[in-house]
Every structure is written in C-alpha cells, then in structure tokens.
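Going by UniProt numbering, the sequence shown runs without a break in its numbering and finishes at 534. Even for Gly, the Cβ is constructed at its ideal location relative to N, Cα and C. For clarity, every value in this text was computed on a predicted model and none was experimentally measured.
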Amino acid sequence: MWRKRSLLRLAMLSTFALVAVYYTTSQLHTIKKYRNRRKVGSVPPWAPVILVNELQYVGTAPEDDEDVFARHAFNLRSSNELPSDRSLPDTRHARCRDVEYGAAPLQTTSVVVAFHNEDRSALLRTVVSVLNRTPPDLIEEVILVDDRSDDEQDGSLLSSLPKVRVVRNQAREGLIRSRILGALEARGDFLMFLDSHCEVNVGWLEPLLDRVTQNALTVVSPVIDVIDMDTFQYRASSPQLKGGFDWSLYFKWLPLSHEERTRRGSPMEPFLSPAIAGGLFLISRDWFQRLGMFDSGLRIWGAENLEISLKSWLCGGNVEVVPCSRVGHVFRKTHPYTFPGGNADTYLRNTKRVAEVWLGDHKRFFYEAQPNARALDAGSLQEQLEVKSQLDCRPFQWYLENVFPELKLPNEENSAFGQLKQGSQCLQSEVESSGVKLAECNESELSQHSWAFNVHTASIQHGKLCLSVRNKLNLVLETCTQSYQQEWSRHGRAVVLLSSGQCLESGIRSELRLSECRRGAMSQQWDFTVELQA
Ligand code: LR7
Ligand code: MN
C-alpha cells in the first residue's frame, strides 16, 4: 500500500500537540527511487508521510446548531470529515494516463498559496494533495502566504510539513499582493498559484511543465474541476472551455469554436485561451518577473487573472489550458471575508486599472459598460505602463483580431453610442413615464448611458428601447418596431426624424421636442460620447 494510512492514523492518535517530524526530501522517497520517466497515470511511488497531527490541527467539528456555511461559505462539516489525503476520481481523459512526458528538466516549481482565514481542513488538504501527488524532485517548496489570518497558527503549524514554508503578512494585503510576496520568496524556476481550498489530482503538474518547458513565455492553466461546496464531492469539469470576458471585464467561459475543435488532433491536446479562469496557473518565475508580476495596485480580490492573461498575450507570450492537468477547487457563492473598501468598488477599481493599462482606445467600451468606473480613482498606473513600453507590448486591437475575435464591439451596427449630449446636458430616460428629458450630465447616472445610434435600423436606442415620436409631438421610449416614428438620421450634429424631416431640439425648460431644422442652431446639436464611424 503506497499510502501510509496506518502511519497517518498513528500520527492522528498521538497525544503530542502537533508532532511534526521533518523528513528530508530524500526520505520522502519511501519506496522506490523516482526514475527518470514520467508516466503520470499510475500510482506514484514517492508517497510522503503526513506529518501533522491532523485531528489536533483541524480541531473540533462544528456544533450541531451551527450554520455550517457561515464561516467559509462552504460546508465546514463536510470538509472537516474528510481526511487530508482522500483519494479523488481521475477525471482526465483516459488516454492522458498513457502520455509520457520527456525526461525531467531539472527545474523545480514553487507552489504559492495565499490564504486569509481559510478553514484548516481545506488548507491542509490543499497542501497534502500537492505533496502526495507531485514527484518530489519537481517541487521546490510550497509557500503559504498567510494574509493576516486571525489565528497565526493556521499557517505556522503547517511549517513543519516537508517543503512547506510559511510567510505571514504584517497587514492584510489581499490575495494579489500576497501572491506577489509569495513569488518574491520563491526559489523554484516555475511558480504555480493555487487557492487555499484546492486539491490537485493525479499527474497534475507534469503536463503543465511540459508546456512551459516548450515555450517559456506561456501561462498554463489546468482544467479546474469542481469540489462541491456542500458535499465536497469531486466532479469533472468540461475540458473544452476557454476563458474570456465581456466589456465589463467580467470573466466568462467560452466553448471552443468548431474550427478549434477540429484543428485539435486529440482531446488531450492543450489549447489556447484568451484568458485564464482565475488564479490557478503555472508560469516561469522569470517570465512572471519580466511581466511585472501582478499589478500591485490591485486590491484584495479580482481582475488579476485578466491582467496576467492580457499581459502575457500582448507582450509576446500566450495563455493555454492543459486538459490532462486537473485541479479541483471549491467554488463558492460568496466571499467569506471582508473587503476593506467595499466589494463592488474593489472589483470595479481593479478592472479600471486593467482597462486603463491594456485596453488602449477600447477602454471606452469598458466605460460604457461600467459607467461608474469613470469617477473612481484608480491610483497611479506608472509602473504598469512602464512594463508595457519596456516589453514593447502589442495593442489591444491585435488581441481582438488574433486571440479573442469572439469579443465583439458592443454592437457593430452602432455608429455612435454612449451618452447623447448637448453641451453639459444629457438625454435621460424616465422609467416611470417612459419619457425622455434633458438633465445635467452625470457620469454615474445610468439612465443617461447606453444610448446608441444604429445605422442599420436607423434607430436611436436606449438599452432595448427605441426613441420614438408619439402623436407627432411627444418624444418617448418604446419597444423597437422599426416604424417610421422611430426612424432617425444624423446630418452633421443634427438628429432628424426621417418621415417628417424635423430636428430633435431642446426647449427652454430642457424639454425635448421636434421642430423645423435650422442650420447651426445650438438647440439642435447633439453629440454621442463615442463615435465609431467618422
Ligand atoms: O484578502 C484576501 N486574501 C487572500 O489571501 C482574500 C482572499 N485570499 C485568498 C483566499 O483565501 C483564497 O485562497 O485568495 C484565494 C482566492 O480567494 P477566493 O477563493 O475567495 O476567491 P475565488 O475562488 O473567487 O477566486 C478566483 O478569483 C480570484 C480573483 O482575484 C483569484 O483569481 C482566484 O485564484 C480565483 N480562483 C480560481 O481561479 C479557482 C478556480 C476558479 C475558476 C474557474
Ligand atoms: Mn477560491
């Protein structure tokens, strides 16, 4: 039995408070010496012994009347009841087991796990899964970055595990800066970032290493399997999804296109992806450093996955998903920790930094989708802009054309969109009366945004509704019908109702009306914030 379950039980029964014996790396090879052949389907011969008194470390199960989701947003009892070295279903394509990866490159990986108040059983399982399922000669160390958890011992007690190093932040830094700190500590050639509630699956690392050794400028991600937040059951995820985002810079999954599926010789082959899903990826330490690591101005949580993806693509590298590598992650519905500064604003501010640095002119689409971002102070972008110019990174347009053609401009039939303005006044919808009026422009007033002129249908749209003339006189928003009351054209800055040839005009009390067109009249001049076609 390669798993030393009996030893584990012994350790668990020990009355010592967390007796942890330090085994050197060579002693970890308990059975056979690891050979220079990496076939990763079979049971590995290097099984380490678990050296923590698990029961004492994990502590007591939650009380009967306790809400088991309250502390960690996953079922604490389920997590507690599992041993740290449970076995997992092998979710890879069956043929992944037969792949032999080339001889060891003699390069090592530092696994970096940042955590803030993580449940101990989940954290321990993350670490043990790495130690148990990775050939020791490939692992330099596991760096646990304790992002100022309430109990310092959550991390420090694990420092007696082989290869584990624990660093603790003086103050809460958020996961992005914590990972930067972990990367600065790291000594391995490659960095692998994991969340603190993951379990790596059999043969997870070798296929990732295989890719980065072939192309040192690549960011590789495993397929992320699902660990059920209630039952902790481990389930396979689809290995045919790539990562992308919308103009709000919200991550989304994309199916591989028909072309991409046919181009791939086999379902085991890695494929290119516009972005990684999250923070679980491997990168060469050198490439990570040259890319300026993560933007250290990103706070607490979010958007660093898009940042690293865009940087890698635009500055000479790429991003790949490797289906033969599987890592499980507990997906949750909420964040079980506080966001100093507010949850929504943190993400908005982080995405604003990414948009400002990497989207070029296209950032205007981001602001249209996220008008509230305009008013936020995103802080200095100096360092990131320097990285961009030093590495001579490509413009976002190139990425749209070559990497992420699925990201369409908001509506390619729109020739203009954004706010519809006259001086400092903006067209604003009134939901209750379905009317429209003019009001002082205000970036954060959502009813002033999302106006668009659609050349194809000759309509002026506000979201799903169309600017329409009722009784030849009143301007209202109505369902789009493509009728003559909704057909407009633009002559210079004038907005003209096609059927009558009259112009949209502002009245003295800021009301809107139609009136005979008068060349050059200020009250008939309108501008959209974004003009797409000259
Ligand atoms: O202040 C904090 N300090 C931390 O150290 C907040 C969090 N953290 C730790 C936390 O303990 C955890 O280990 O950071 C890690 C990620 O936080 P989660 O698990 O609360 O967030 P998540 O699961 O939503 O994380 C996803 O999005 C993040 C955006 O910043 C990161 O990219 C995470 O790595 C990412 N998780 C994954 O990619 C897992 C797979 C998701 C998919 C697909
Ligand atoms: Mn997570």
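How big is the Cα-Cα spacing for Cys-393 and Leu-241? Cα-Cα distance, rounded: 26 angstroms.
What residue range is occupied by the uninterrupted beta strand (DSSP E) comprising Trp-526? Note, Trp-526: premise wrong, no beta strand (DSSP E); not H, not E.
So, for Ser-424: in the same chain, excluding its five sequence neighbours on each side, which residues have a beta-carbon less than 7 angstroms away from its beta-carbon? These residues qualify, in order along the chain: Glu-440, Cys-441.
Entirely enclosed alpha helix (DSSP H) segments - the region 387-451, minimum 4 residues: 396-402
Counting along the chain, where does the beta strand (DSSP E) carrying Pro-222 start and finish? 218-227
Could you tell me the boundaries of the beta strand (DSSP E) in which Gln-461 lies? Bounds of the beta strand (DSSP E) holding Gln-461 are 459-462.
Which one of Phe-115, Val-52, Arg-299 has the shortest CA to CA distance from Leu-161? Val-52
Taking only the alpha-carbon atoms, compute the straight-line gap between Gln-524 and Glu-516 and give it to the nearest angstrom. 10 angstroms
Which listed residue (Gly-265, Arg-179, Ala-378) has its alpha carbon closest to that of Leu-282: Arg-179
Have a look at Glu-118, Asp-150, Trp-204, His-72 and flag the residue whose alpha-carbon is nearest the alpha-carbon of Ser-129. For the residues Glu-118, Asp-150, Trp-204, His-72, the minimum Cα distance to Ser-129 belongs to Trp-204.
Over the uninterrupted alpha helix (DSSP H) stretch that includes Asn-132, give me the two end residues. Unbroken alpha helix (DSSP H) run through Asn-132: 120-133.
Please confirm whether any heavy atom of ligand 2 lies closer than 8 angstroms to the CB of His-116. no
Short of 7 angstroms in beta carbon distance, which residues of its chain neighbour Leu-348, apart from the five on each side in sequence? Order them along the chain. Excluding residues within five positions, the ones whose Cβ falls inside 7 angstroms are Gln-370, Asn-372, Ala-373, Leu-376.
Beta-carbon spacing of Ser-110, Val-142 below 9 angstroms: yes
Cα-Cα separation, Cys-315 to His-491: Take the alpha-carbon of Cys-315 and the one of His-491: they are about 42 angstroms apart.
With H, G and I counted as helix, E and B as strand and the rest as coil, what does DSSP make of Lys-39? Low local confidence applies: a pLDDT of 49 at Lys-39 is under 50, so the model's placement there is unreliable, and no value is given.
State the Cα-Cα distance for the pair Arg-125 and Arg-364, rounded to the nearest angstrom. 44 angstroms
Can you grab the Cα-Cα spacing for the pair Met-229 / Asp-119, in whole Å? 13 angstroms
For ligand 1, I want to know if Phe-331 counts as a neighbour, meaning its beta carbon is within less than 8 angstroms of at least one of the ligand's heavy atoms. Look at Phe-331: its beta carbon is less than 8 angstroms from one of the heavy atoms in ligand 1.
Whose C-alpha, out of Arg-509, Leu-217, Pro-405, Pro-336, is nearest the C-alpha of His-116? Pro-336
Shorter than 8 angstroms, the distance from the beta carbon of Ser-380 to the closest heavy atom of ligand 1, or not? no
Determine the DSSP secondary structure at Leu-385, reduced to helix, strand or coil. helix
Residues of its chain near Ser-156, where Cβ-Cβ distance is below 7 angstroms and the 5 sequence neighbours each way are ignored: Hits under 7 angstroms: Val-166.
Cβ-based neighbour list, Ser-26, same chain, cut-off 7 angstroms, excluding 5 preceding and 5 following: Because Ser-26 sits at a pLDDT of 32, beneath the cut-off of 50, its placement in the model cannot be relied upon, and the point is left open.
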